[in-house]
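Order-wise, the sequence lines are chains A and B.
Counting from 1138, one number per residue, gives the positions in the first sequence under the working numbering.
Counting from 1138, one number per residue, gives the positions in the second sequence under the working numbering.
Beta carbons: idealized from backbone N, C-alpha and C, even for Gly.
Since we're looking at a predicted model, the values are computed, not measured.
A short worksheet on the structure shown next.
Protein chains: 2
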Amino acid sequence: MKLLEERIREEGRVLSEDILKVDSFLNHMVDPELMGKIGKEFAGYFKDRGITKVLTLEASGITSALFTAKELGVPMIFAKKAGSSNIGKDVYHATVHSFTYDKDFEICVFKDYLTEHDTVLIIDDFLAEGSACFGMADLCRQASAKIAGIGVCIEKGFENGGKKLRDQGYDVLSLAIVDAMSQEEITFRTQPEQDQNPR
Amino acid sequence: MKLLEERIREEGRVLSEDILKVDSFLNHMVDPELMGKIGKEFAGYFKDRGITKVLTLEASGITSALFTAKELGVPMIFAKKAGSSNIGKDVYHATVHSFTYDKDFEICVFKDYLTEHDTVLIIDDFLAEGSACFGMADLCRQASAKIAGIGVCIEKGFENGGKKLRDQGYDVLSLAIVDAMSQEEITFRTQPEQDQNPR
């Protein structure tokens, strides 16, 4: 998605070899217009998969997931980080490892909202090692829900998450794949979809 | 907002005298259509205030704040709970007390995104004792930003937050005010706006 790549080039700040800050438009201050277009992009790609729910993880996945769900006309669920809510005991749990903070945390979804009748689109803002996506996929597996695909705004192509997910058969759409980054330059992967159907 | 009141009556679960669960459409599973209408409602009420930013608190304020910001054509900022992010040191901090968990937590906003040139609309999903709203107002005060008003989806009218905020001069729009609730019945306050201009 050229619009997102341009925005990353303009406003993204590379703080270290694996930290890219995009908090001026994506995950602290948020540009609702851009998120609306991101939602349309995800919905356009996954629209014929019979999706019944969009699943993301609080907090920064919520904005893109919400617009995607609105476009698809289905509910959006944000998995909660355990302890963040008086959510009760009737939940599916999974463990996610944060490489940024080097710690594990639990995520959960109330069992009533994710069932064997659901076909789920998983959405997140970033994909690096893939731990959050695997955690959400695990919640779906526990619920016997089908996974239609995974949409992420920014994939760090130099980390392993995207490859691992695709190797396991997931259809992963990343709107921007960063293959290399430094304070001087950010290099995006050329994607077939973009060549055939310019965004 | 009649639509929201109806949804609360249909799907809200009163777990105790002060816990109302609305996680089937508002703060775990989310109905994007309803949130879109909530955004329009807030934007319609506050549209002539010269608002430059919509401010909320992660995670469950994000959905209504995002649609409000989209309607107003301005960025949305979600204040982070401290420790939740590698957000750096250049932040404004405030302390918020959670009565649900009976503990304090820190919220923060990156200084670059909230300045003396901003006129801010504060949005949240729930208003009970008002601690989150006062915390966000404190962030604005530190930034010398003007506060245009406060919009909340559901106010617990039997707690003190709404009164305290209004007594301090804030223009608070609550789309549904619960004056009393039990497992049998939820009683909403009749609001002048709804009489004059049915939603």
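Residue i - containing alpha helix (DSSP H), residue span
i, result
"F1247(B)", "Not the alpha helix (DSSP H): F1247(B) falls in the beta strand (DSSP E), residues 1240 to 1247."
"F1215(A)", "From DSSP, F1215(A) is part of no alpha helix (DSSP H) but of the beta strand (DSSP E) over 1213 to 1218."
Chain-ordered neighbours of residue i on chain A, where CB pairs are closer than 7 Å
i, result
"P1169(B)", "L1203, A1206, K1207, M1213"
"Y1182(B)", "Those do not exist, as Y1182(B) stays about 18 Å from chain A at its closest Cβ, beyond 7 Å."
Listed by chain order, chain A residues near residue i by CB distance under 8 Å
i, result
"P1318(B)", "The identity of residue 1318(B) in the sequence shown is Met, whereas the question assumes Pro. Chain A residues near M1318(B): none, gap ~16 Å exceeds 8 Å."
"A1196(B)", "E1195, A1196, I1199, F1215, K1217, S1221"
Neighbour list for residue i in chain B, Cβ cutoff strictly below 8 Å
i, result
"G1173(A)", "K1207"
"Y1229(A)", "Those do not exist, as Y1229(A) stays about 12 Å from chain B at its closest Cβ, beyond 8 Å."
Coarse secondary structure for residue i, derived from DSSP in three states
i, result
"R1150(B)", "strand"
"L1302(B)", "helix"
"A1196(B)", "coil"
"A1282(B)", "coil"
"L1209(B)", "helix"
"D1332(B)", "Confidence at D1332(B) is low in this model, with a pLDDT of 42, below 50, so its placement is unreliable and the value that follows should be read with caution. In this structure, D1332(B) counts as helix in the three-state DSSP scheme."
"R1144(A)", "helix"
Opening and closing residue of the beta strand (DSSP E) in which residue i lies
i, result
"A1269(A)", "That residue, A1269(A), is in no beta strand (DSSP E); its alpha helix (DSSP H) goes 1268 to 1279."
"E1170(B)", "No beta strand (DSSP E) contains E1170(B), which is instead part of the alpha helix (DSSP H) from 1169 to 1183."
"T1256(A)", "1256 to 1264"
"I1323(A)", "1323 to 1325"
"L1251(B)", "L1251(B) -> no beta strand (DSSP E), and no H or E assigned at all."
"K1158(B)", "1156 to 1158"
Beta bridge counterpart(s) of residue i as assigned by DSSP
i, result
"S1235(A)", "K1240(A)"
"S1311(B)", "V1289(B)"
"M1138(B)", "Bridge partners of M1138(B): none, in fact."
"H1165(A)", "DSSP, once it has assigned bridges, lists no residue as partnering H1165(A)."
"A1317(B)", "T1324(B)"
"K1226(B)", "Answer is none; K1226(B) lacks a bridge partner."
Interface residues of chain B facing residue i [CB-CB closer than 7 Å]
i, result
"F1325(A)", "The contacting residues do not exist; F1325(A) stays about 23 Å from chain B at best."
9 Å Cβ cut-off: residues of chain B touching residue i
i, result
"F1247(A)", "D1160, S1161, H1165, M1166"
Proximity test, residue i beta-carbon vs the ligand MG heavy atom, cut-off 7 Å
i, result
"H1234(B)", "Looking at this structure, you won't find the ligand MG or any other ligand, since it has none at all."
Residue i at chain E interface by Cβ criterion, 8 Å
i, result
"E1208(B)", "In the structure shown, chain E does not exist; the protein chains are A and B."
Near-chain B residues of the stretch 1282 to 1307 of chain A - C-beta to any C-beta below 9 Å: none
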